[in-house]
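Residue numbers (the numbering used here): 909 to 1046.
Heads up, the beta-carbon is just placed ideally off N, CA and C, and yes, glycines get one too.
Okay, structure first, notes after.
Put into structure tokens, the structure is as follows:
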């Protein structure tokens, strides 16, 4: 008889075997080399009582999704995010603003040690909040 407390998988997670994609971001999707699975933080609410504070679960908050990618020689991967941010933000000229394409969905696919898609994490309503600059050195 099998031990009921034993995990069903004894393999460790292969953190270097994944793919990440955001809808409509073809160049970015190809050049992604790091993406995180955002953590979750649960707030706490203290309720006063005569015998001491009673803790209750509060609101939850996800950590930020951080994606790192290589920039191709034509800047397509970088420009996709730049254009997305311009269409989502208020930069004074409203001709770039696009209400329908502000939020995009993404998918983080984790693969097993044998290279098969194992876990698919769907991320809804993504909005870019920061795009790092590009340094040129000689």
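* Leaving out five residues on either side along the sequence, give the residues of the same chain with a beta carbon under 8 angstroms from the beta carbon of residue 1013. => 930, 931, 1030, 1031, 1032, 1033, 1034
* Identity of the residue in 1036, 970, 1017, 1044 nearest residue 921 by Cα -> 1017
* For residue 928, which beta-bridge partners are listed by DSSP? -> 1016
* To do: Check the DSSP bridge columns for residue 976 and list the partner residues they point to.
  => According to the DSSP secondary-structure assignment, residue 976 is paired through a beta bridge with 942.
* **Sub-7 angstroms separation of residue 940 and residue 977 beta-carbons** => yes
* To do: Spatial neighbours of residue 937 within its chain, please: CB distance less than 6 angstroms, with the 5 preceding and 5 following residues excluded, ordered by chain position.
  => 929
* To do: Could you pull out every residue in the same chain whose Cβ sits closer than 6 angstroms to the Cβ of residue 942, ignoring the five residues on either side in sequence?
  => 976
* Asked: Where does residue 1045 sit, in a helix, a strand or coil, going by DSSP?
  -> coil
* Roughly how many angstroms lie between the CA atoms of residue 966 and residue 950, to the nearest whole one? -> 6 angstroms
* Asked: Of all the options 979, 912, 1027, which has the alpha carbon lying nearest to the alpha carbon of residue 1044?
  -> 979
* Asked: Taking the Cβ atom as the reference point for each residue, do residue 1009 and residue 1019 lie within a distance shorter than 7 angstroms?
  -> no
* Helix, strand or coil for residue 920 per DSSP? -> Here residue 920 sits in coil by DSSP.
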